[in-house]
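Visitor: Structure incoming, see below.
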Amino acid sequence: MRARYPDTDGLLVRDGVEIRYERYGEGRPAILLLPTWSVVHSRHWKMQIPYLARHFTVVCFDGRGSGGSSRPADASAYSDAAFASDALAVMDAAGIDSAVLVSVSCGAFWALRLCAEHPDRVLGSVFIAPTAPLVPPLAERRVQRFGEVIDDPAGWQTYNAHYWKTHYPEFVEFFMGRIFTEPHSTKQIEDAIGWALETDGETLAAAHRGLECCDAAATRRLAAQLVCPVLVMHGTQDAVRDYAEGEALADCTDGALVTLAGAGHFPHARDPVQVSLLIKQFADRIRR
Amino acid sequence: MRARLPDRQDVVQRDGVHVAFEVFGQGEPALLLIPASPITHARSWKGIVPSLARRFTVITTDGRGTGRSDRPRTPECYAPAEVTADLLAVLDAAGVDVAFLVAHCHAVPWALCLAADNPERVAGLLAIDPAVALAPPHPHTMEPDLRWADRVDAPSGWATRNRQFWRQDGGYREWIEFFFGQQLPEPHSTKQYEDTVGWALDTDAEAMIAEREGRAAPPAGEAETLCRRVRCPVRVLHGSDDRCQPVARGRRLAELTGGDLVVLEGAGHLPHARDPVKVTRLITGFVDSTTGAPMHATTWTRGACRPARVLYLSSPIGLGHARRDVAVAKELKRLRPELEIDWLAQHPVTAVLDAEGEHIHPASRWLASESAHVASEATGHDLHCFQALRRMDEILVANFMVFQEVLEEGCYDLVIGDEAWDVDYYWHENPELKRGQNVWITDFVGYLPMPDGGEREAFLTTDYNAEMIEHIDRYPWIRDRAIFVGDDEDIVPDTFGGDLPAIRDWTTEHFSYSGYITGFTPPGPDEVAPLRTQLGYRDDELVCVVAVGGSGVGQALIDKVVAAYPLAKKAVPELRMIVVTGPRIDPAAFPQHAGLELRGYVHRLYQHLCVCDLAIVQGGLTTTMELTAARRPFLYFPLGHHFEQNFHVRHRLDRYGAGQYMDYATTDPDLIAAHITELAGQPVSYRDVETDGAARAAQLIAELI
Chain P
7 MRARYPDTDG LLVRDGVEIR YERYGEGRPA ILLLPTWSVV HSRHWKMQIP
57 YLARHFTVVC FDGRGSGGSS RPADASAYSD AAFASDALAV MDAAGIDSAV
107 LVSVSCGAFW ALRLCAEHPD RVLGSVFIAP TAPLVPPLAE RRVQRFGEVI
157 DDPAGWQTYN AHYWKTHYPE FVEFFMGRIF TEPHSTKQIE DAIGWALETD
207 GETLAAAHRG LECCDAAATR RLAAQLVCPV LVMHGTQDAV RDYAEGEALA
257 DCTDGALVTL AGAGHFPHAR DPVQVSLLIK QFADRIRR
Chain A
986 MRARLPDRQD VVQRDGVHVA FEVFGQGEPA LLLIPASPIT HARSWKGIVP
1036 SLARRFTVIT TDGRGTGRSD RPRTPECYAP AEVTADLLAV LDAAGVDVAF
1086 LVAHCHAVPW ALCLAADNPE RVAGLLAIDP AVALAPPHPH TMEPDLRWAD
1136 RVDAPSGWAT RNRQFWRQDG GYREWIEFFF GQQLPEPHST KQYEDTVGWA
1186 LDTDAEAMIA EREGRAAPPA GEAETLCRRV RCPVRVLHGS DDRCQPVARG
1236 RRLAELTGGD LVVLEGAGHL PHARDPVKVT RLITGFVDST TGAPMHATTW
1286 TRGACRPARV LYLSSPIGLG HARRDVAVAK ELKRLRPELE IDWLAQHPVT
1336 AVLDAEGEHI HPASRWLASE SAHVASEATG HDLHCFQALR RMDEILVANF
1386 MVFQEVLEEG CYDLVIGDEA WDVDYYWHEN PELKRGQNVW ITDFVGYLPM
1436 PDGGEREAFL TTDYNAEMIE HIDRYPWIRD RAIFVGDDED IVPDTFGGDL
1486 PAIRDWTTEH FSYSGYITGF TPPGPDEVAP LRTQLGYRDD ELVCVVAVGG
1536 SGVGQALIDK VVAAYPLAKK AVPELRMIVV TGPRIDPAAF PQHAGLELRG
1586 YVHRLYQHLC VCDLAIVQGG LTTTMELTAA RRPFLYFPLG HHFEQNFHVR
1636 HRLDRYGAGQ YMDYATTDPD LIAAHITELA GQPVSYRDVE TDGAARAAQL
1686 IAELI
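So the sequence lines, in the order shown, correspond to chains P and A.
Residues in the first sequence are numbered from 7 upward in steps of one, following our numbering.
Residues in the second sequence are numbered from 986 upward in steps of one, following our numbering.
Below you can see the structure in the form of C-alpha cells.
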C-alpha cells in the first residue's frame, strides 16, 4: 500500500507519446518532481510525496520510457527538450502555472532547460546529485564504451547497449548497487531494481543516446541563462555522478550547495527525511 | 555588564525633542524594536537583542519620555503622529530603508500606523501583547480607567492608575510596583520584576501622565480600519495570562491583518523578558518565513557516518573549572578514544584549553564575557556573587542562544556543562530545545543568603532554589546525569530555604558523586625539595605565597598582607614573601620591603603553591583545594558577600581540616602577621584529597555514550 495516493492522475499525449502523471495535495508553491533517467519511474519519489503534499501541490510524472508512460523506440524521442516539453505539458494538464523543480541525476538536464527557456514557469530549482558534465567523469566509469561490443564486460563496462540486449537485469543489479553505496540499503536497491525491470534494455539504450547531446557546453550555456534560486545537494559517496559535478553546478548557477556527507547517488531514497526537509525549506523560501 | 554594547548610540531631534536610539549588528534585514514608552525603554529588549544582532541589524529606541530621550511634559508631544515621526527619523538616521517592526503593548498602534502609512518602510510587523482596542479591555481595568482623572481616596490595585495618585508622594512608584507585579504572573520572575520597575522609575509621573493623556489610541472602529490597511506580514504573540491586554485583542489583530497568532500559554505581559529564548526564536522564525531562511553552503552528515561528538562547556568564572574539565576530558578520551570533543568556552578558560591542544569551537568568539561581568561586579574584597549571577541574566541568555545554534548545527551526541548555568536554566525553561545527552557538573548546590541581606535576600535565594528544584522535578530528562564534584559530606548542612528540602538529601537523590577533581597530581614527599630548588627557593627560608587570582579583585587583600609583612618579617626573619598580583593589578603600586617580591604573573603558580611554607589566598575552591591536596598551611579570606566561598567552600575545607579561615573585614595586619608567624612551615594534618575524581567523573559520563 502506498502512504498516499494521488488526488488526481491522468495520461496526456504529446506527439503520440503518452505521459502518465499524478497530482497530490494543495498549497503554494507547486512542486514538480521531475523524472530522471528512464531506468526508474516516478515511484522513486515515494519517500518525498506524502510529506511534501501536506504542504504543497506536488506533481510528478513517469518519464518517457518508464512506468506508465510510452516507450518510444527512437533515441530522438529522449532529448532533454522532449522531457522538458513533457514537463510543461504535465504542468498544463495538472493546472500548474509555475513550480519549484526538483530533479535527480540526469533530470538536471530538463530542469536546466526549463529554467533557461521557460523562466516564467519556474520558481526555483533543486538539483539532487545532478549530472553536470562540467568536470571529468568518475575514474571508475572511464572504462565505459557504450556502443562497442565488449567481451565479458565487468563493472561499468556493463553500461553498454549490446550487453543490455541480453543481460539487462545483470546491468540493473550492478547499477543499483552503485547508486546506493550506503551500507544497509537492501530495500532501496530492491525497489530500484523492480522499477528498472518495468522497462527494458532497448528502451534504456535509446534514452541514453537521446542525451548524448547534453555536454559541458550545453550545460554551461543553459546554466548561464538561469535566473531562479537554486539549491544543489550532492553526496560525497556518490559513485554514479561525482560530487564535484554538484559543486560545479552550484558554482555556475550561483546556487546554495548542501554537501551530504556519506550519501550516495539517490539520497532522496536513502536519506528521505533530510532531503525532504531541505526541499521544504527551499520551497518555503520561494513562497514569499 | 551588558551582554552586548551597541555599535552606535545616537539621538534624533524633532522640534527640539531628542529621542535616543541604538544600533546593534549589521545583518539583513533590519529590525526596529519599539518599546511601550515611556513606562519602559530600550533596555526592556535586553534578553533578545544580543542574539538577534548576530544575524540582523537591530535598532532600539527609548521613546520620548524616558531613557536617554527627552521628557516633554505636554500631552501633544506624545501624539501618535509625533511618535511615528520619531521612529521614521530613527530609521532615516540609522540609514535603514525597510525594517521589520517589533512592538510591545501600546507601541503596537504606532507600529500599525507606520505599516499602514509607510508600507514601503515596513517589511513585517511582530506585535507582542498588543494594546489595540479591537476587543474590550480586561474588566478589572475598565472601572479604574474611567476614574483616571478623578480624585480617588486611598486607591489600591488597578485604581492606582490615577492621575492624582501618581502625583502624590510615592504614588507613582506604588502604581509601578503593583502594575509589574500583575504583568509577571509567572513564578520566579523576581529579576524581571526588579528590572521593569527600575526602568519605569527612569521616567516620572509627569511624563507618564502627559503620555497617557496624549496617547490618543484609536478607538475600536478606527483600530479595525487601521488594521485592515496593513499589508505587510504580521505575527502576534500574546501571553495567555496577560493581565494588561486580553488575548482577544491579539487574536482579532491577527485576523484583521491576515497574520498568525502565537498564544504563549502561561505567559504574562512581558514574554520577551520572561521567555526570551522562545520570543527570539519566534521573531527569527517570522523574519525567515517572510524573507525565506538563508540557505548557505552547508554539510549534512549521514547519521551513520558521524563520529561521536561532545560539546564541552566550562564555566569561565574562576580558572578552576578549566583545569578539572581538561582532566575529565582526558580521562574520557582514555575510556572512549573515538570521541571528538569541541569546547565552547571563553577567556580565560580558552587559554588553558589552547595550552592543552584542545579544540575550541569557533562560535566561542560570540560568547559574552562572564568573567568580565563578574570582575565588574566586585569592589574591594567584596563580590556579591548571587546578585552578580542574577545580573548576568542577559549574558546567560545571549550565550545560551550561541550554544543552541552550535548544537543544532553540530550534531553533538553529548553536552557536558561544568556549571554551564545558561544551558541548564534555559533547557529547563525551553525543554523542547534539548538535543543529545546532557551532563551537568557542579561543585556546589544551593544558593545561600548572606546574613546581612535580610529577609529579602533569603526570599530570593529560596525562590531561585525553588525554581531549580521545580525544573528538575518537572523535567528529570534534561539532566541525563548530574555530577557533584565532591562527596556528600562536602555539602553544607543547610536547607534550600523555606519549606524546601535539606540540600544534602536532595543532592544525594539527584546527583552522582565523583569525589574532588584536582586536575593535577600534587608532588609527593620526595618531590617537594627538588621542586623548591628548581623554583629558586632555599631550604633555610620560609616561603609565603600570596595569590589573589586573575581578576582585578584582590588589591584590598594584597594591601593588608603587604602591611603585615614587616611585622611578620620581624618575628620570622627567614620569611620570604611572593605576592602574585595577577595581570590587572600593578605590582609597582605597593610599598617595597626586603624579602618581599611582587610579581604580576607567575608561570605554573600551582607548583609554587605546592611547595610553599604558607599561602595566603582568597576563598576560591580550586586554589584552596590545591593547597589542601599539596598539604600546605594556608590562610584564606573568602570574598565578602560571596556565599559560595563563605559557606560552601568553607564547609568543605572544614571537612578536610584544611586552612585557616580569615574574615577580611575584621582582620588587621597584626593578626595576619601573627598567623604567618604561627603557621609558616608547620606540618598539617589534612584529610587526603582523592586523586581519582576525574576518572570517576569520566566513567559516569562514558556510561551515557
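Backbone N, C-alpha and C define an ideal beta-carbon position, used for all residues, glycine too.
Report back the beta-carbon spacing between P/V23 and P/S76 to the nearest angstrom; my notes put them in contact at under 8 Å.
Guide: At roughly 5 Å, the Cβ-Cβ gap stays under 8 Å, so P/V23 and P/S76 are in contact.
Visitor: With a threshold of 8 Å between beta carbons, is P/A36 in contact with chain A?
Guide: Chain A, which has no Cβ nearer than 8 Å to the Cβ of P/A36, makes this no.
Visitor: Name the chain A residues that come within less than 9 Å of P/L266, Cβ to Cβ?
Guide: T1284, W1285, T1286 and R1287, listed in chain order.
Visitor: Which first and last residues belong to the beta strand (DSSP E) in which P/S109 is found?
Guide: Per DSSP, P/S109 belongs to the beta strand (DSSP E) from A105 to V110.
Visitor: What is the DSSP secondary structure of A/G1534, counted as helix, strand or coil?
Guide: Of the three classes helix, strand and coil, the one that applies to A/G1534 here is coil, per DSSP.
Visitor: Determine which residues share a DSSP beta bridge with A/R1584 and list them.
Guide: Beta-bridge pairing links A/R1584 to A/V1565.
Visitor: Which same chain residues end up closer than 6 Å to A/R1308 when comparing Cβ atoms and leaving out the 5 residues on each side of it in sequence?
Guide: Only G1504 meet the Cβ criterion.
Visitor: Out of A/D1226, A/L1222 and A/W1491, state which residue places its alpha-carbon closest to the alpha-carbon of A/T1265.
Guide: With distances taken between Cα atoms, A/T1265 lies closest to A/L1222.
Visitor: At least one CB of chain A closer than 8 Å to the CB of P/E218: is that the case?
Guide: No, P/E218 lies away from the interface with chain A (no Cβ there is under 8 Å from its Cβ).
Visitor: For the 8 Å Cβ check, are there 3 or more pairs between the region 1559-1576 of chain A and the region 1632-1642 of chain A?
Guide: Because the criterion of three Cβ pairs below 8 Å is not met, the region 1559-1576 of chain A and the region 1632-1642 of chain A do not touch.
Visitor: Please state whether the Cβ-Cβ distance between A/I1601 and A/F1575 is less than 8 Å.
Guide: Their beta carbons are not under 8 Å apart, which means A/I1601 does not touch A/F1575 by this criterion.
Visitor: Using C-beta distances below 7 Å, list every residue in its chain close to A/K1419, excluding the 5 sequence neighbours before and after it, in chain order.
Guide: Only W1412 and I1463 meet the Cβ criterion.
Visitor: In chain A, which residues lie less than 7 Å from P/A245 when you measure between Cβ atoms?
Guide: In chain order: nothing, as chain A lies at least about 15 Å away.
Visitor: If the cut is a Cβ gap below 7 Å, which residues of chain A does P/Y280 touch?
Guide: The question names Tyr, but residue 280 of chain P is Gln in the sequence shown. Those are W1285, listed as they occur along chain A.
Visitor: Are the beta-carbon atoms belonging to A/A1665 and A/D1598 less than 8 Å from one another?
Guide: Yes, these two residues count as a Cβ contact at 8 Å.
Visitor: Between the C-alpha atoms of A/T1364 and A/L1037, what's the straight-line distance to the nearest angstrom?
Guide: So the alpha carbons of these two residues sit roughly 32 Å apart.
Visitor: I'd like to know whether the C-beta of P/E188 is nearer than 8 Å to at least one C-beta of chain A.
Guide: So yes, P/E188 belongs to the interface.
Visitor: Report yes if the CB atom of P/H173 is closer than 8 Å to the CB atom of P/V155, and no otherwise.
Guide: Result no, Cβ atoms of P/H173 and P/V155 do not sit closer than 8 Å.
Visitor: For P/E24, which three-state DSSP category applies?
Guide: Looking at P/E24 - three-state DSSP - the assignment turns out to be strand.
Visitor: Can you give the Cα-Cα distance for A/P1129 and A/A1027, rounded to whole angstroms?
Guide: Answer to the nearest angstrom: the Cα atoms are 28 Å apart.
Visitor: Hey, would you say the C-beta of A/D1648 is under 7 Å away from at least one heavy atom of the ligand HEM?
Guide: The model depicted lacks the ligand HEM and carries no ligand whatsoever.
Visitor: So, using beta-carbon positions, are P/W170 and P/G207 closer together than 8 Å?
Guide: Cβ distance < 8 Å, so P/W170 and P/G207 count as in contact.
Visitor: If you follow the alpha helix (DSSP H) that P/E196 is part of, which residue opens it and which one closes it?
Guide: Where P/E196 is concerned, the enclosing alpha helix (DSSP H) stretches over T192 to A202.
Visitor: Could you work out which residues of chain A lie near P/A269, taking near to mean beta carbons separated by less than 8 Å?
Guide: Here the neighbours are R1287.
Visitor: By the criterion of Cβ-Cβ separation under 7 Å, what are the contact partners of A/C1290 in chain P?
Guide: Under the 7 Å cutoff, chain P gives A267 and G268.
Visitor: Starting from the beta carbon of P/D290, find every residue of chain A whose beta carbon is closer than 9 Å, and list them in chain order.
Guide: Correct list: D1273, S1274, G1277 and A1278.
Visitor: Please give me, in chain order, every unbroken run of the beta strand (DSSP E) with length at least 3 that falls completely inside the region 1068-1092 of chain A.
Guide: Counting only runs of 3 or more, we get 1084-1089.
Visitor: Is it right to say A/V1034 is buried, meaning 16 or more other beta carbons lie within 10 angstroms of its own, or is it exposed?
Guide: Buried: at least 16 other Cβ atoms inside 10 Å.
Visitor: Whose CA, out of A/P1023, A/P1121 and A/R1146, lies closest to the CA of A/E1196?
Guide: Comparing Cα-Cα distances from A/E1196 to each of A/P1023, A/P1121 and A/R1146, the minimum goes to A/P1023.
Visitor: Would you check if the distance between the CB atom of P/R49 and the CB atom of P/A100 is smaller than 8 Å?
Guide: Not in contact: P/R49 and P/A100 (Cβ atoms no closer than 8 Å).
Visitor: For P/D257, decide whether its Cβ has a neighbour in chain A, counting only Cβ atoms nearer than 8 Å.
Guide: So no, P/D257 is outside the interface.
Visitor: For A/L1211, which option in A/D1102, A/L1298 and A/D1437 has the closest C-alpha, if you only look at C-alpha atoms?
Guide: Comparing Cα-Cα distances from A/L1211 to each of A/D1102, A/L1298 and A/D1437, the minimum goes to A/D1102.
Visitor: Does any C-beta atom of chain A lie closer than 8 Å to the C-beta of P/L263?
Guide: Yes - at least one Cβ of chain A is within 8 Å of the one on P/L263.
Visitor: Quick one: grab the DSSP three-state call for P/P274.
Guide: Rather than Pro, the amino acid found at residue 274 of chain P in this sequence is His. Helix, per DSSP.
Visitor: With a threshold of 16 other CB atoms inside 10 Å of the CB of A/E1067, please say whether the residue is buried or exposed.
Guide: Classification of A/E1067: buried, given that the 10 Å Cβ count is 16 or more.
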